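First to last, the sequence lines map onto chains V and L.
Each residue of the first sequence is one higher than the last, beginning at 2 in the working numbering.
Each residue of the second sequence is one higher than the last, beginning at 241 in the working numbering.
Quick reminder that beta carbons are idealized off the backbone N, C-alpha and C, glycines included.
Computed from a predicted structure; not experimentally measured.
What follows is one structure encoded as structure tokens, with my remarks underneath.
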Amino acid sequence: MKFTLHIWRQENAHAKGRFETYHVDNISAECSFLEMLDILNEQLVNDRIAHPVCFDNDCREGICGMCGLYINGRPHGNDDGVTTCQLHMRRFTDGDEIWIEPWRAKAFPVIRDLVVDRSAFDKIIQAGGYISTTTGGVPDANSILIPKHKADQSMDAAACIGCGACVAACKNASAMLFVGAKVSHLNLLPQGKVEALDRVRKMVMKMDELGFGSCTNTYACEAECPKQIKRQNIARMNRQWIGQMFSETGNKK
Amino acid sequence: MILDSKIPEGPLSEKWTNYKASQKLVNPANKRKIDIIVVGTGLAGASAAASLGALGFNVDIFCIQDSPRRAHSIAAQGGINAAKNYQNDGDSVERLFRDTIKGGDYRAREANVYRLAEVSGDIIDQCVAQGVPFARDYGGLLDNRSFGGAQVSRTFYARGQTGQQLLLGAYGALSREIARGTVRLHERREMMELVVIEGRARGIIARNLVTGQLERYAAHAVVLATGGYGNVYYLSTNAMNSNGSAAWICHKKGAAFANPCYVQIHPTCIPVHGDYQSKLTLMSESLRNDGRIWVPKKKEDAEAIRRGEKGPLDIPEEDRDYYLERRYPAFGNLVPRDVASRAAKERCDAGFGVGTTGLAVYLDFADAIKRMGRDVVEQKYGNLFQMYQKIVDTDPYEEPMMIYPAVHYTMGGLWVDYELQTTIQGLFAAGEANFSDHGANRLGASALMQGLADGYFVLPYTMQNYLADQIYVGKISPYAKEFDQAEDSVRQRIDNLFNVGRHATEPHSVDFFHKALGKIMWEYVGMARNTQSLTQAMDLVKELESNFWNKVYVPGSAEEFNPELEKAYRLADYFELARLIITDALHREESCGGHFRTEHQTEDGETQRDDENYMYVAAWEYQGHNVPETMTKEELKYEHIKIAKRNYK
Chain V
2 MKFTLHIWRQ ENAHAKGRFE TYHVDNISAE CSFLEMLDIL NEQLVNDRIA HPVCFDNDCR
62 EGICGMCGLY INGRPHGNDD GVTTCQLHMR RFTDGDEIWI EPWRAKAFPV IRDLVVDRSA
122 FDKIIQAGGY ISTTTGGVPD ANSILIPKHK ADQSMDAAAC IGCGACVAAC KNASAMLFVG
182 AKVSHLNLLP QGKVEALDRV RKMVMKMDEL GFGSCTNTYA CEAECPKQIK RQNIARMNRQ
242 WIGQMFSETG NKK
Chain L
241 MILDSKIPEG PLSEKWTNYK ASQKLVNPAN KRKIDIIVVG TGLAGASAAA SLGALGFNVD
301 IFCIQDSPRR AHSIAAQGGI NAAKNYQNDG DSVERLFRDT IKGGDYRARE ANVYRLAEVS
361 GDIIDQCVAQ GVPFARDYGG LLDNRSFGGA QVSRTFYARG QTGQQLLLGA YGALSREIAR
421 GTVRLHERRE MMELVVIEGR ARGIIARNLV TGQLERYAAH AVVLATGGYG NVYYLSTNAM
481 NSNGSAAWIC HKKGAAFANP CYVQIHPTCI PVHGDYQSKL TLMSESLRND GRIWVPKKKE
541 DAEAIRRGEK GPLDIPEEDR DYYLERRYPA FGNLVPRDVA SRAAKERCDA GFGVGTTGLA
601 VYLDFADAIK RMGRDVVEQK YGNLFQMYQK IVDTDPYEEP MMIYPAVHYT MGGLWVDYEL
661 QTTIQGLFAA GEANFSDHGA NRLGASALMQ GLADGYFVLP YTMQNYLADQ IYVGKISPYA
721 KEFDQAEDSV RQRIDNLFNV GRHATEPHSV DFFHKALGKI MWEYVGMARN TQSLTQAMDL
781 VKELESNFWN KVYVPGSAEE FNPELEKAYR LADYFELARL IITDALHREE SCGGHFRTEH
841 QTEDGETQRD DENYMYVAAW EYQGHNVPET MTKEELKYEH IKIAKRNYK
């Protein structure tokens, strides 16, 4: 297969970016999208015409959350429920033009080309995306009974890989799905109840502080999430946000 | 070199208790005066840093990715073992210990493995307290499944994403410590050099991968939790950035490297399909709980399948060879990984392989779907089936999966004593980066267990024994001359790489050389090895290495975000590591676990150990560039367990 690639190139955070056009040929339909970019980079290195295109990637099996490209206007491309590394060229038509961009959000500044800085997500987690336990001195695992459907719901939310596609998909660059998923994962479990309301408050406030936008309920995040995290997580978080406003711990700022 | 494994006195089951009772501790007020560096944020690194931070130590943690949550522990699918005996099926600490020793083909250290089994239950408690959403049954209790090499169900799991959930648990604990200020996170940093002052590990030089700047970090102790070196084979189930360099750098600074030839080849991976391929994807071992592995009984059927004239559904039941069930009736499809991998290779080499290349076998769920219904199968393995379908483009509910073995895990690693301290004082190694618990073959669902055992429950104790007298030395200065020297040597190494490409007449990319190295290693140092293949591999690697140093082209500069440069310096280390793997494989004239020497096999093709001559850990010591390494033996003494032939029939 043959493709024309328009790729966003930007030397560093402060440089002005632009699209550059490249051509690749002889691409197998079984090839993954990132392997296609490997082939392009090999070409660029061999021809010494340009610096290889920088893009984040690691596990290449859809779980680490490191990769994330905006492909033809969709985060992770035109296949549902997959990350960029799991997207295969058989999803394209021979001769296609493909536009490749980085995540675009104020809270995710570009580092180079298609690589962005997502450390804002880590900061949100540090604000309260955990259950406060130290190592040791915890009860036996089976002493905490958790109804299967609760554990399943929690697991559905916990499947989030923190890739940032939800933010990239959102016209407001809101991180509500990411935060809602973490809040749901923990707050649905009995272990997470103790800090539940405090958690919502701290995480939401940190999210706002870091420059993520507000949610206007278009659900582009849900549509583009590679792990198909549900928008119900946002609703659950909103309910708890309101709950914390009336709670004792919530008012303690 | 003298290897002192520091195994505590007393009966096996009391060693750890005795150790903890008599070890030295650091008092709470002094803990904050002690600096610790942890390299790596996988299960071992994140859990160690979180636990040490919670105790009050001052911790700096480093990862090469953009976030600690990306470490490759995240990709572990199937589960984590623990001797909880929740199923009342006869499990115990003793049984988990025995299974692990036997699974490792009697090449692991008794005391370490027993401790691992002892703390395994605490890990599950810890993870549940952190909010890890393990699978539950309808009564709300934890569910278990079986894994290879065990006859009990002791594996805890969170769908097919157990590694992810455990890592997110540890990442949560780590994030909490970062928020409390006991741990400082340094992301997108790569350890480039270990700084040793007066024989003790005192810091690291890290490269900021965004700016290319070299940075100095000083500490009283360094923990290496940087994973394994499976990517020396280029194609493996490891992540693209997983690499062996940090461990190799420590080795060159004096840390002994143990059993490098023990590499685990996982039986159930999606087969290779093309030259452009960058990695192999694992299909969890848990699939062997319900999937049945087979190839056609008749060669002509296999040939017809390879030509595309027949499909798996055209082969009637009586013409299928469920070779694992046939050869190993007691364990069937749940034999350990090394056994299952070799059996697949044996069938394919004999001409019964399927797929277009003939290098694949079937993993069939038709019976399971008939027995439990599609819904249950989907609930148990849905995400794995989806992953398979996305990659291969066939529906595993309708047609059996095709699988083939691939490099997955390295049992070898930095030599550590009972305290997980390497042969450099103050340098500790945890998780896959050390060698200690899995012998010559790791059992499924034991890597997660070991990583978390080391980080949560071993290092927070044993490191204090070392750190207790470090309160007297004061702050370590990053301006010491040893830091200058270390930084200069890093700069030199990077310059050398750029220089090659400037003068090369026929330059090649880093990947070109890495792929070539991988092919040599897979072909000659893979699932089956012998004197001839290994000798040949050594010549080929040396030749390729010299080509690399004459022809590799690294674009850009050192002072920028430059992934090609990262690949280049990691590959330079892989060449040296590859030579040590081959040397070790050549010296070990026996077959054990993942190390299969074709000269040493029984009549029916099983591994033949030589306990009389090789029941030891081979610890290699670096002697200088291109100087043969020297080997010191740590004799393995089995005082508790009775040594037997490893039999899964």
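Does the region 69-86 of chain V come within contact of the region 129-139 of chain V, defined as at least 3 CB pairs closer than 8 Å? Under the Cβ criterion (8 Å, minimum of three pairs), the region 69-86 of chain V does not count as touching the region 129-139 of chain V.
Quick check on the burial criterion: 16 or more other C-beta atoms within 10 angstroms. Buried or exposed for residue 644 of chain L? Numbered from its first residue, the second sequence carries residue 644 of chain L at position 404. By the neighbour-count criterion, in which a residue is buried when 16 or more other Cβ atoms sit within 10 angstroms of its Cβ, residue 644 of chain L is buried.
Closest by C-alpha distance to residue 45 of chain V, when choosing among L:834, L:837, L:794, L:470: Stepping through the first sequence from its first residue, residue 45 of chain V is reached at position 44. It is L:794 whose Cα lies nearest to the Cα of residue 45 of chain V.
Below 8 Å on the Cβ atoms is my guess for residue 193 of chain V versus residue 179 of chain V; work out the distance and round it to an integer in Å. In the first sequence, the residue the question calls residue 193 of chain V occupies position 192. In the first sequence, the residue the question calls residue 179 of chain V occupies position 178. The beta carbons of residue 193 of chain V and residue 179 of chain V sit about 17 Å from each other, so the pair does not count as a contact at 8 Å.
Quick check on DSSP: helix, strand or coil for residue 492 of chain L? Numbered from its first residue, the second sequence carries residue 492 of chain L at position 252. It is helical.
In or out: residue 712 of chain L buried (at least 16 other Cβ within 10 Å) or exposed? In the second sequence, the residue the question calls residue 712 of chain L occupies position 472. Residue 712 of chain L is exposed by the Cβ-count criterion.
Could you have a look at residue 242 of chain V and say whether DSSP puts it in helix, strand or coil? Within the first sequence, numbered from 1, the residue matching residue 242 of chain V stands at position 241. Note: residue 242 of chain V maps to helix in three-state DSSP.
Kindly identify the DSSP beta-bridge partner or partners of residue 509 of chain L. In the second sequence, residue 509 of chain L corresponds to position 269, counting from 1. According to the DSSP secondary-structure assignment, residue 509 of chain L is paired through a beta bridge with L:522, L:644.
In terms of residues, what are the limits of the beta strand (DSSP E) holding residue 8 of chain V? Numbered from 1 along the first sequence, position 7 holds the residue referred to as residue 8 of chain V. 4-10 is the extent of the beta strand (DSSP E) around residue 8 of chain V.
Taking the alpha-carbon positions, what's the residue 252 of chain V to residue 242 of chain V distance? Residue numbering aside, residue 252 of chain V sits at position 251 when the first sequence is read from its first letter. Residue numbering aside, residue 242 of chain V sits at position 241 when the first sequence is read from its first letter. For residue 252 of chain V, the pLDDT reaches just 49, beneath the cut-off of 50, and the residue's location in the model is therefore unreliable, leaving the point undetermined.
To be precise: take each residue of the region 228-242 of chain V, compare its Cβ to all Cβ atoms of chain L, and keep it if any distance is under 7 Å. Which residues remain? Listed by position, the residues of the region 228-242 of chain V near chain L (Cβ gap below 7 Å) amount to none.
Taking only beta-carbon atoms, is residue 718 of chain L less than 9 Å away from chain V? Here the question's residue 718 of chain L lines up with position 478 in the second sequence. With 9 Å as the cut-off, residue 718 of chain L does not count as an interface residue toward chain V.
Under 9 Å between C-beta atoms, does residue 110 of chain V make it to chain L? By 1-based counting over the first sequence, the position of residue 110 of chain V is 109. Residue 110 of chain V does not count as touching chain L.
Report the residue ranges of all beta strand (DSSP E) runs contained in full by the region 319-383 of chain L; include only those spanning at least 3 residues, in chain order. The beta strand (DSSP E) runs of length 3 or more contained entirely in the region 319-383 of chain L do not exist; there are none.
Residues near residue 254 of chain V in its chain [Cβ-Cβ closer than 6 Å; skip 5 each side]: Sequence index remark: in the first sequence, residue 254 of chain V carries index 253 (1-based). Here residue 254 of chain V scores only 47 on pLDDT, less than 50, and its place in the model should not be relied on; the value that follows carries that caveat. Here the set comprises nothing.
Report yes if the C-beta distance between residue 498 of chain L and residue 860 of chain L is below 9 Å; otherwise report no. On the second sequence, residue 498 of chain L is found 258 positions in, with the first residue counted as 1. On the second sequence, residue 860 of chain L is found 620 positions in, with the first residue counted as 1. Cβ distance < 9 Å, so residue 498 of chain L and residue 860 of chain L count as in contact.
Which residues in chain V sit within 9 Å of residue 193 of chain L, going by Cβ to Cβ distance? A query on residue 193 of chain L cannot be resolved here, the shown segment of chain L reaching from 241 to 889 and no further.
In whole angstroms, what is the alpha-carbon distance linking residue 37 of chain V and residue 55 of chain V? Taking the first sequence and counting its residues from 1, the one referred to as residue 37 of chain V is at position 36. Taking the first sequence and counting its residues from 1, the one referred to as residue 55 of chain V is at position 54. Their Cα atoms are separated by approximately 13 Å.
What are the boundary residues of the alpha helix (DSSP H) that includes residue 854 of chain L? As a first step, residue 854 of chain L must be located in the second sequence, where it is residue number 614. Here the alpha helix (DSSP H) through residue 854 of chain L covers 851-854.
Quick check: does the Cβ of residue 881 of chain L come within less than 8 Å of any heavy atom belonging to the ligand GTP? This structure simply doesn't include the ligand GTP, nor any ligand for that matter.
Counting only Cβ-Cβ distances shorter than 8 Å, please list the residues of the region 504-524 of chain L near chain B, keeping chain order. The structure shown contains no chain B; the protein chains it does contain are V and L.
Give a yes or no on contact between the region 505-514 of chain L and the region 551-560 of chain L, applying the rule of three or more CB pairs nearer than 8 Å. Here the region 505-514 of chain L makes no contact with the region 551-560 of chain L; the two share fewer than three CB pairs at distances below 8 Å.
Determine the DSSP secondary structure at residue 432 of chain L, reduced to helix, strand or coil. The residue you call residue 432 of chain L lines up with position 192 of the second sequence. DSSP places residue 432 of chain L in strand when its eight states are reduced to three.
Please list, in chain order, all residues of the same chain as residue 854 of chain L whose beta carbon is under 8 Å from its beta carbon, the five residues on each side excluded. The residue you call residue 854 of chain L lines up with position 614 of the second sequence. For residue 854 of chain L, where only same-chain residues beyond five positions count, the Cβ hits under 8 Å are 828, 829, 830, 832.
At least one CB of chain V closer than 9 Å to the CB of residue 659 of chain L: is that the case? Your numbering for residue 659 of chain L matches position 419 in the second sequence. Taking 9 Å as the CB threshold, residue 659 of chain L stays off the interface with chain V.
Neighbour-count burial assignment, residue 890 of chain L, 16 or more Cβ in a 10 Å radius: In the structure displayed, chain L extends from 241 to 889; residue 890 of chain L sits before or after that span and is not available.
Compare the C-beta of residue 105 of chain V with all C-beta atoms of chain L and state if any pair is closer than 9 Å. For the purposes of this step, residue 105 of chain V is taken as the residue at position 104 of the first sequence. Taking Cβ atoms only, chain L never reaches closer than 9 Å to residue 105 of chain V, which makes this a no.
Any beta-carbon of chain V closer than 9 Å to the one on residue 857 of chain L? Within the second sequence, numbered from 1, the residue matching residue 857 of chain L stands at position 617. No - not a single Cβ of chain V is within 9 Å of the one on residue 857 of chain L.
Interface residues of the region 41-56 of chain V facing chain L [CB-CB below 9 Å]: Near chain L, meaning a CB-to-CB distance below 9 Å, the residues of the region 41-56 of chain V are 42, 43, 45, 46, 47, 49, 51, 52, 53, 55, 56.
Contact criterion: CB-CB distance below 9 Å. Does residue 305 of chain L meet it with respect to chain V? Taking the first residue of the second sequence as position 1, residue 305 of chain L is located at position 65. Taking Cβ atoms only, chain V reaches closer than 9 Å to residue 305 of chain L, which makes this a yes.
On the DSSP bridge list, what partners appear for residue 298 of chain L? Reading the second sequence from its first residue, position 58 is the one you call residue 298 of chain L. Under the DSSP definition of a beta bridge, residue 298 of chain L partners with L:275.
Presumed contact (8 Å Cβ cut-off) between residue 757 of chain L and residue 815 of chain L, rounded CB distance: Numbered from 1 along the second sequence, position 517 holds the residue referred to as residue 757 of chain L. Numbered from 1 along the second sequence, position 575 holds the residue referred to as residue 815 of chain L. Their Cβ separation, rounded to whole angstroms, is 7 Å, which keeps residue 757 of chain L and residue 815 of chain L in contact under 8 Å.
How many Å lie between residue 300 of chain L and residue 531 of chain L at the Cα? The residue labelled residue 300 of chain L in the question sits at position 60 within the second sequence. The residue labelled residue 531 of chain L in the question sits at position 291 within the second sequence. Cα to Cα, residue 300 of chain L sits roughly 44 Å from residue 531 of chain L.
Taking the straight line between their C-alpha atoms, what separation do you get for residue 628 of chain L and residue 361 of chain L? Working through the second sequence from its first residue, we reach residue 628 of chain L at position 388. Working through the second sequence from its first residue, we reach residue 361 of chain L at position 121. Whole-angstrom Cα-Cα distance: 32 Å.
Measure from the C-beta of residue 430 of chain L to each C-beta in chain V and report whether the shortest distance is under 9 Å. As a position in the second sequence, residue 430 of chain L is number 190, starting the count at 1. It does not; no Cβ of chain V falls within 9 Å.
From which residue to which residue does the beta strand (DSSP E) around residue 534 of chain L run? Residue mapping note: residue 534 of chain L aligns to position 294 of the second sequence, counting from 1. Note, residue 534 of chain L: beta strand (DSSP E), 532-536.
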